[in-house]
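Here's the structure, in structure tokens; my notes come after.
Chains as they are written, first to last, in this note's numbering: chain U, 1 to 437; chain V, 1001 to 1437.
If you want it as structure tokens, here you go:
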């Protein structure tokens, strides 16, 4: 699929109209999040890699055009124009893994309006979803205070493709591994996983199941201990580990019940058995709030499996994102719809000790300020190949460390106001006056 | 991709262990939703078609096996066994579009345990997500009371693939069209769409933009009227429609502000202009609650565009679904983990005037009761090809009409208790005693 139909019908309608009328002026669209969801103090940018791949591959296949001919009544002139369409424009973007705030562009596209318009749906889709999940995952990382996190979400993400993106986005945010093997292969991640309750039930006897698993995976044995009774399960795991003299570090996974209490009792049993290095792994409906609660109770947990609630960003499953025309044919534009006013012109975001400043891109750069948006595509070509995921991970780690604690807070974080540059403000005032005249 | 790696690592670990030990006994897994989310009185089953395709296509490619060899230390015996693996089992399922309740199996798989285990992740993924969205969409249909609904979610679904599934699931639930063209092509749906604010801004002048659009799409012109000022936009739309003597029915789309008030004023202006047949289309952050509010205020709206909140099932973005071993090698099994107790044995759900009954599949069928689970796959082969979507749509329409109003309620619906048959109850009691001895 070359992507031509991965869009909304109205994008095609508008594009057809632009092409027919020779409206080939250069348009700039700005992709940003209007307001942050409740309990979100920041966002972690993600999704850019998929956007660039989409733009580079964009075209209509003969099958696409045939479908449009048959069902949408597109004329032959329009279909010929569609057939020739490629993305030839320029993209500036905030690199993946960086922390951003409401109103700051994550991505800006400048291209002939037909091309920039058609890309709207997929660019919004990739950035909105992956940014929401990277942000949720980063909150889990902050809550875990150094304990390891593993993505367990694949079974309940919103489609298999979503599961692949979640594994990648959570890795950017600092997750150590994923249960999702296809994602591990595709993105070079570490795959992690042990056994399910069904394994124990298939054997009927917990000890027999543990013995079989430990024999088959002697170097990486984590026993799931809660199928029938957690403390009994821990004792059985200890017996099996001793009897088989397992070479690698053993571990136990707690998947239900009062995890803090069970972790303490498991730790005591493991210590008493001379296995102080054994890892305790907790899972079962966890999110950043539950992890913070366990950390606050000083539960002796070494690693957390975080699944569904992270993978669907349960308390904020979407963002109030927008892809708005801010300039056309050399002229800045804005809209005045209630609650959806846009700021005109191509932008730059400057980060400085005093806070972020949203400015026009054409303004002179600010000494001592870091520009968040960087050019990533020109004339439809990427300026560099896909970067190793470690780079996004490092940016995320650095930006999370930079965030003030009040902004990082899981509940009621302090809002970060973004200043508007004087030039941008006066342009906005002038256009508002013109449009309301 | 043949699907072998679309799973969690622990499924592969367990499977490797089963295969090595010659554990080829037949296992039955039951896929069900433990508890319904808040404000959900029922579920609309969806996702089965993707499950069947996954099972039919299931295999490991040479690349899959090579990845496992390199990164997971799988031995050659295990890899050979994986290479030979296909799904050869049986599937019973509730057909798509049917209404079900908590605890009722949506799908049951009986197969050699390795095959049934490996499929867990994808079967849960497809059914959990698509059922949550079909349910959300059905609630919008119930709220709209006969007005038409269009899926506008593609730009903010959780991945592009999710967007395709949302278009299909919402069509099952009764949506009339989708903005998503690729989904329209793939599933034979009606594509719908008009223009965006950017179109008007690109022209700078609303009248010029409306004129251009109406000339290019004279048979299906819906004017987006809220870019600057909605009432002014409606007046402009009327002028353009009159001047061009548009042949088709015109429409206006309201996308912001107080939709009920604006719809009334638009309807008045359109009536005064001699265009009583003009359609009023509303969109902008809608869900079943907002639609019900507009219907309660008797807003004269003919159709609703429903986007993000439906497409991510915003207030219930996942379900508490499970895929649990209920039988192995002729023996019923269950687990006792706190809050996650399972009922043993292959099941059937009987629907009768007195309410649903969850029974063992082996029990004699009940006269006058309808069996919800039907066989859909045997020996790894589908019993029939993909059915036309209209069949799922008809089932959904009939089941929604059958639901008592208290169960259909959007807020605080009456819970539907599912009875347990005597045979199932006594089996459950016996196993619990055995396991806790």
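Here a beta-carbon is modelled for each residue, glycine too, at the ideal position from N, C-alpha and C.
Every value quoted in this text rests on a predicted model; they were computed, and no experiment measured them.
request  = Please say whether residue 322 of chain U and residue 20 of chain U have beta carbons closer to each other than 8 Å?
outcome  = Counting from 1 along the first chain, the entry for residue 20 of chain U is found at position 20. Counting from 1 along the first chain, the entry for residue 322 of chain U is found at position 322. Cβ distance not < 8 Å, so residue 20 of chain U and residue 322 of chain U don't count as in contact.
ask   = By a C-beta neighbour count over all protein chains shown, 10 Å radius and 16 as the cutoff for buried, is residue 1426 of chain V buried or exposed?
value = The residue labelled residue 1426 of chain V in the question sits at position 426 within the second chain. With a 10 Å radius around the Cβ and a threshold of 16 neighbouring Cβ atoms, residue 1426 of chain V comes out exposed.
request  = Run the CB neighbour count on residue 1271 of chain V, radius 10 Å, all protein chains shown included, and call it buried at 16 or more, exposed below.
outcome  = For this step, residue 1271 of chain V is matched to residue 271 along the second chain. Answer is exposed; the Cβ neighbour count stays below 16.
query = So, does the CB of residue 1162 of chain V fall closer than 8 Å to a CB anywhere in chain U?
reply = Along the second chain, read from residue 1 onward, the residue named residue 1162 of chain V stands at position 162. Yes, because at least one Cβ of chain U sits closer than 8 Å to the Cβ of residue 1162 of chain V.
task = Determine the DSSP secondary structure at residue 1157 of chain V, reduced to helix, strand or coil.
result = Here residue 1157 of chain V is taken as the residue at index 157 of the second chain, counted from 1. In the structure shown, the three-state DSSP call for residue 1157 of chain V is coil.
query = Since residue 1122 of chain V is in the alpha helix (DSSP H), which residue starts that stretch and which ends it?
reply = Reading the second chain from its first residue, position 122 is the one you call residue 1122 of chain V. It spans 1120-1144 - the alpha helix (DSSP H) in which residue 1122 of chain V sits, taken as one unbroken run.
Through-space distance from residue 1114 of chain V to residue 1018 of chain V, alpha-carbon basis = Against the second chain, residue 1018 of chain V aligns to sequence position 18. Against the second chain, residue 1114 of chain V aligns to sequence position 114. Cα-Cα distance, rounded: 6 Å.
query = Can you tell me whether residue 1248 of chain V is buried or exposed, with buried defined as 16 or more other CB within 10 angstroms of its CB?
reply = One-based indexing of the second chain puts residue 1248 of chain V at position 248. A residue is called buried once 16 or more other Cβ atoms fall within 10 Å of its Cβ, and residue 1248 of chain V, having fewer, is exposed.
Cα-Cα separation, residue 233 of chain U to residue 1417 of chain V = The residue given as residue 233 of chain U occupies position 233 in the first chain. The residue given as residue 1417 of chain V occupies position 417 in the second chain. Distance between residue 233 of chain U and residue 1417 of chain V, taken at the CA atoms: about 34 Å.
ask   = Helix, strand or coil: how does DSSP classify residue 1233 of chain V here?
value = Sequence index remark: in the second chain, residue 1233 of chain V carries index 233 (1-based). If DSSP states are grouped into helix, strand and coil, residue 1233 of chain V belongs with the helices.
request  = Return the CA-CA distance between residue 89 of chain U and residue 384 of chain U, expressed in angstroms with no decimal places.
outcome  = Residue 89 of chain U sits at position 89 when you count from the first residue of the first chain. Residue 384 of chain U sits at position 384 when you count from the first residue of the first chain. Between residue 89 of chain U and residue 384 of chain U, the C-alpha separation is close to 15 Å.
ask   = Fully enclosed by the region 329-378 of chain U, which beta strand (DSSP E) runs are 3 residues long or longer?
value = Counting whole runs of 3 or more residues, the region 329-378 of chain U contains the beta strand (DSSP E) stretches 347-352, 355-360, 374-378.
query = Where residue 433 of chain U and residue 380 of chain U are concerned, what is the direct C-alpha to C-alpha distance, given to the nearest angstrom?
reply = Within the first chain, residue 433 of chain U is the residue found at index 433, counting from 1. Within the first chain, residue 380 of chain U is the residue found at index 380, counting from 1. When rounded, the distance between both Cα atoms is 36 Å.
query = From this set, U/72, U/40, U/52, which residue's C-alpha is nearest residue 1190 of chain V's C-alpha?
reply = Along the second chain, one-based indexing puts residue 1190 of chain V at 190. Closest by alpha carbon: U/72.
inquiry  = Between which two residues does the beta strand (DSSP E) holding residue 1245 of chain V run?
reply    = Within the second chain, numbered from 1, the residue matching residue 1245 of chain V stands at position 245. Looking at the DSSP string, residue 1245 of chain V is not in any beta strand (DSSP E), and its letter there is neither H nor E.
request  = Give the straight-line distance between the Cα atoms of residue 1318 of chain V and residue 1122 of chain V, rounded to the nearest whole angstrom.
outcome  = As a position in the second chain, residue 1318 of chain V is number 318, starting the count at 1. As a position in the second chain, residue 1122 of chain V is number 122, starting the count at 1. Approximately 15 Å, taken between the alpha carbons.
query = Are at least three pairs of beta-carbons, each pair with one atom in the region 1123-1136 of chain V and one in the region 1036-1048 of chain V, less than 8 Å apart?
reply = The region 1123-1136 of chain V, when compared against the region 1036-1048 of chain V, does touch it at the 8 Å Cβ threshold.
ask   = Relative to chain V, which residues along the region 205-234 of chain U have a C-beta separation below 7 Å, given in chain order?
value = In summary, the residues of the region 205-234 of chain U whose CB is separated from some CB of chain V by less than 7 Å are 212, 213, 216, 217, 226, 227, 228, in the order they occur in the chain.
query = Beta-carbon of residue 377 of chain U versus every beta-carbon of chain V: anything under 8 Å?
reply = Translated into positions along the first chain, residue 377 of chain U becomes position 377. So no, residue 377 of chain U is outside the interface.
request  = Starting from residue 148 of chain U, follow the beta strand (DSSP E) in both directions and report where the run begins and ends.
outcome  = The residue given as residue 148 of chain U occupies position 148 in the first chain. Looking at the DSSP string, the run of the beta strand (DSSP E) that includes residue 148 of chain U is 148-151.
query = Which residues in the same chain as residue 307 of chain U place their Cβ atom closer than 6 Å to its Cβ, once the five residues preceding and following it in sequence are excluded?
reply = Sequence index remark: in the first chain, residue 307 of chain U carries index 307 (1-based). 152, 153.
query = Which residue or residues does DSSP assign as beta-bridge partners of residue 1327 of chain V?
reply = The count along the second chain starts at 1 and reaches residue 1327 of chain V at position 327. Per DSSP, V/1028, V/1332.
query = So which of V/1208, V/1281, V/1186, V/1258 has the shortest CA-CA distance to residue 1220 of chain V?
reply = Taking the first residue of the second chain as 1, we reach residue 1220 of chain V at position 220. For residue 1220 of chain V, the closest of V/1208, V/1281, V/1186, V/1258 by C-alpha to C-alpha distance is V/1281.
query = Buried or exposed: residue 1097 of chain V, going by 16 or more other Cβ atoms within 10 Å of its Cβ?
reply = Locating residue 1097 of chain V in the second chain gives position 97, where the first residue counts as 1. Flag for residue 1097 of chain V reads buried.
key: At least 3 beta-carbon pairs within less than 8 Å: the region 390-397 of chain U vs the region 162-180 of chain U   = Counting Cβ pairs under 8 Å, three or more are found: they touch.
key: Check: residue 223 of chain U C-beta below 7 Å from any heavy atom of the ligand ZN   = No copy of the ligand ZN occurs in the structure displayed, which carries no ligand at all.
request  = Please determine if the region 134-142 of chain U and the region 276-296 of chain U are in contact, where contact requires at least 3 C-beta pairs separated by less than 8 Å.
outcome  = The count of Cβ pairs closer than 8 Å, one atom from the region 134-142 of chain U and one from the region 276-296 of chain U, reaches three, so the stretches are in contact.
request  = With a 10 Å radius around its C-beta and 16 neighbouring C-beta atoms as the bar for buried, classify residue 365 of chain U as buried or exposed.
outcome  = One-based indexing of the first chain puts residue 365 of chain U at position 365. With fewer than 16 Cβ atoms within 10 Å of its Cβ, residue 365 of chain U is classed as exposed.
key: Close-in-space but distant-in-sequence residues of the same chain around residue 1051 of chain V (CB under 6 Å, 5 per side omitted)   = Working through the second chain from its first residue, we reach residue 1051 of chain V at position 51. Hits under 6 Å: 1123, 1126.
key: Amino acids of chain U, ordered along the chain, whose beta-carbon sits closer than 8 Å to that of residue 1312 of chain V   = Numbered from 1 along the second chain, position 312 holds the residue referred to as residue 1312 of chain V. Residues of chain U whose Cβ lies closer than 8 Å to the Cβ of residue 1312 of chain V are, in chain order, 158, 312, 317, 318.
query = In whole angstroms, what is the alpha-carbon distance linking residue 368 of chain U and residue 186 of chain U?
reply = Walking along the first chain from the start, residue 368 of chain U turns up at place 368. Walking along the first chain from the start, residue 186 of chain U turns up at place 186. Straight through space, the alpha carbons of residue 186 of chain U and residue 368 of chain U are spaced by roughly 39 Å.
ask   = Which residues of chain U have a Cβ atom closer than 8 Å to the Cβ of residue 1136 of chain V, listed in chain order?
value = For this step, residue 1136 of chain V is matched to residue 136 along the second chain. Per Cβ cutoff of 8 Å: no residues; residue 1136 of chain V is ~11 Å from chain U at best.
key: For residue 99 of chain U, three-class secondary structure by DSSP   = Your numbering for residue 99 of chain U matches position 99 in the first chain. If DSSP states are grouped into helix, strand and coil, residue 99 of chain U belongs with the strands.
message = Between which two residues does the beta strand (DSSP E) holding residue 1253 of chain V run?
response = One-based indexing of the second chain puts residue 1253 of chain V at position 253. According to the DSSP assignment, residue 1253 of chain V belongs to the beta strand (DSSP E) that extends over 1251-1254.
Three-state secondary structure (DSSP) of residue 1094 of chain V = Residue mapping note: residue 1094 of chain V aligns to position 94 of the second chain, counting from 1. In the structure shown, residue 1094 of chain V sits in coil (DSSP, three-state: anything other than H, G, I, E or B).
query = Per DSSP, residue 322 of chain U is paired with what?
reply = The sequence position of residue 322 of chain U within the first chain is 322, counting from 1. Answer by DSSP bridge pairing, in chain order: U/32.
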